[in-house]
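Okay, structure first, notes after.
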């Protein structure tokens with residue numbers, strides 16, 4: 035794939051999509067490959083069906099991954115190149131694929147909307163393109179089809195025979211000759227796959243698509259410290275503390291970080307840096323969030339929005355501080371300020387979960403619900419509403435109180451029997467692989483690749499025009 039992308043790095047999304055999601059049915063990568071690469075010098079969103087996985091048919095996770103890729107294209111104004119080889123919806127799972135708003139039909143809705151927004155849609159039909167899937171090339175701005183190989187039809191030969199009694203071959207019903215010479219569904223006839231990709235590159239070259247970067251970009255510098263040192267700094271144990279500034283020093287240009295409010299709310303690290311020459315604001319965790327930390331984060335986000343500077347969130351957060359004194363001190367409203375600032379910020383936001391991501395801390399640090407342009411996880415990361423031990427203790431306390439009201443004892447054996455499966459479940463569901471299988475993130479990345487992944491994400495984000503940030507009410 036990468037060599038066809040102008041020797042570009044390929045930022046692939048969600049390689050673990052579908053992992054252990056359908057029992058004994060293997061759906062590697064969700065049956066579809068998506069990511070960002072450079073085609074003829076233009077950053078494009080690539081969506082490629084994998085016909086080796088159930089004939090390229092769409093499982094629920096396939097639809098979700100396709101739609102997420104289109105969301106990335108819309109957010110970042112990236113031309114879409116569809117490499118089509120699909121049997122359409124997976125019929126045994128049609129109830130989970132077909133009728134709802136964010137099901138199969140949304141793919142074509144998105145194509146129409148993106149085309150209306152001047153985001154180019156290019157389809158390359160390299161195999162079967164059946165039923166609703168036929169609308170991918172039919173709704174593209176330009177379509178290419180491979181002769182004697184690609185086919186496009188709303189109803190394949192078996193359906194035609196069942197419905198009308200007519201017997202017709204796939205080639206005569208929807209082959210390249212028919213669609214290039216008679217129907218006009220496709221625009222370019224390719225002799226083979228390589229020729230089709232060559233034609234796709236020519237189409238992209240003719241787009242007259244120019245990135246308008248509205249920030250100052252300086253020369254890139256490598257960090258002073260090697261990125262593979264991140265393995266030793268972070269380790270695999272979440273209970274082991276590490277300084278997020280050590281992570282920042284191995285990501286940003288020249289390891290230069292201009293910290294903001296260094297002496298105030300120091301469990302949240304904020305500051306400005308450059309990454310591959312692009313200006314960035316960085317927000318990283320060095321412990322639980324207090325009122326001071328939240329107010330500092332809110333202030334810093336406002337600065338980034340005012341200066342049109344993208345924000346990188348490095349998440350390793352157990353949540354906001356709890357307790358009587360902190361509630362009286364306004365931790366809820368101060369946390370809400372930060373959550374509001376994150377939600378309303380219209381600059382590009384990219385999140386990397388480098389440790390824990392728990393509870394409301396996930397919200398304040400731009401979790402999936404807060405529409406970061408991209409969200410990646412390290413293999414050591416954990417994500418859940420709270421830790422397994424804490425969840426088990428809470429539920430055990432509830433059970434113990436209920437027993438006490440009934441005048442009964444809650445034995446240590448009963449408590450242990452209650453807590454063990456809860457801890458085990460939270461351990462399983464908090465895994466980055468569990469998360470990535472369900473597309474709660476855009477992929478698990480090697481920590482040593484973090485700088486490159488962030489650079490590719492930033493570069494893609496600057497294809498979209500900047501927007502003004504407006505805020506609602508901050509409760510003071």
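Residue numbers (the numbering used here): 35 to 510. For every residue, glycine included, the Cβ atom is placed at its ideal position computed from N, Cα and C. Here the structure is a predicted model, which means the values were calculated and not measured.
Nearest-angstrom beta carbon gap, residue j and residue i [assumed within contact, 8 Å]
i	j	result
residue 285	residue 257	7 Å
residue 187	residue 164	6 Å
residue 110	residue 494	5 Å
residue 68	residue 48	7 Å
Residue range of the alpha helix (DSSP H) that includes residue i
i	result
residue 397	393-398
residue 198	191-198
residue 145	139-150
residue 229	227-239
residue 416	Careful: residue 416 lies outside any alpha helix (DSSP H), inside the beta strand (DSSP E) at 416-418.
residue 473	First-last for residue 473: undefined, no H or E at that position.
residue 265	264-268
residue 502	Note, residue 502: premise wrong, no alpha helix (DSSP H); not H, not E.
residue 206	204-208
Cα-Cα separation, residue i to residue j
i	j	result
residue 467	residue 478	8 Å
residue 397	residue 379	13 Å
residue 46	residue 117	15 Å
residue 175	residue 140	17 Å
residue 162	residue 125	16 Å
residue 452	residue 437	13 Å
residue 79	residue 107	6 Å
residue 113	residue 44	15 Å
residue 70	residue 344	19 Å
residue 159	residue 413	36 Å
residue 131	residue 318	38 Å
residue 75	residue 282	30 Å
residue 209	residue 235	22 Å
residue 315	residue 88	44 Å
residue 37	residue 427	In this prediction, residue 37 has a pLDDT of 42, which is less than 50 and means its spatial position is unreliable; nothing more can be read from the coordinates.
residue 39	residue 348	A caution first: residue 39 carries a pLDDT of 49, below 50, which makes its placement in the model too unreliable to give a value.
residue 288	residue 496	22 Å
residue 85	residue 123	13 Å
residue 35	residue 50	Residue placement at residue 35 cannot be trusted, given a pLDDT of 37 that sits under 50; the coordinates are not used to answer.
Residue i (DSSP reduced to helix, strand or coil)
i	result
residue 379	coil
residue 108	helix
residue 119	strand
residue 409	strand
residue 439	helix
residue 72	strand
residue 496	coil
residue 423	helix
residue 38	For residue 38, the predicted structure reports a pLDDT of 48, less than 50, and the residue's modelled location is therefore unreliable. The matter cannot be settled from this model.
residue 56	strand
residue 155	strand
residue 45	strand
residue 224	strand
residue 77	strand
residue 243	coil
residue 92	strand
residue 510	coil
residue 490	helix
residue 282	helix
residue 51	coil
Opposing strand residues paired with residue i [DSSP bridges]
i	result
residue 292	306
residue 169	In DSSP, residue 169 forms no bridge with anything.
residue 185	162
residue 338	DSSP output for residue 338 lists no bridge partner at all.
residue 82	67, 117
residue 454	According to DSSP, residue 454 bridges with nothing at all.
residue 386	348, 410
residue 354	323
Span of the beta strand (DSSP E), counted from its first residue to its last, around residue i
i	result
residue 21	Residue 21 is absent from the model: the chain starts at 35 and stops at 510.
residue 180	176-180
residue 215	Note, residue 215: premise wrong, no beta strand (DSSP E); not H, not E.
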